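This report concerns only the one structure given below.
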Amino acid sequence: MVQDLQQLVHGAIAVQLEFSKQKYSRTYTPQKRINYLKALSNQYLGY
40 MVQDLQQLVH GAIAVQLEFS KQKYSRTYTP QKRINYLKAL SNQYLGY
């Protein structure tokens, strides 16, 4: 369980870094980021 949480945190950090790289690109939208984070957390939580 703790390991799953750590993976989730590492995943979220990786996503943050990836989105900050893309932040000024035309394809970047906050909604995409929200959807991606939701999908990521749902994947780890097993929904």
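Here the sequence shown is numbered in the working numbering, starting from 40 and rising by one per residue. Note that CB positions come from ideal geometry on N, CA and C, so glycine has one too. What you are looking at is a predicted structure, and each value in this text was computed from that prediction instead of being measured.
Within 9 Å, strictly: CB atoms of Val54 and Tyr75: yes
Three-state class that DSSP yields for Gly85 in the structure shown: coil
Alpha carbon of Gln70 to alpha carbon of Lys77, nearest angstrom: 10 Å
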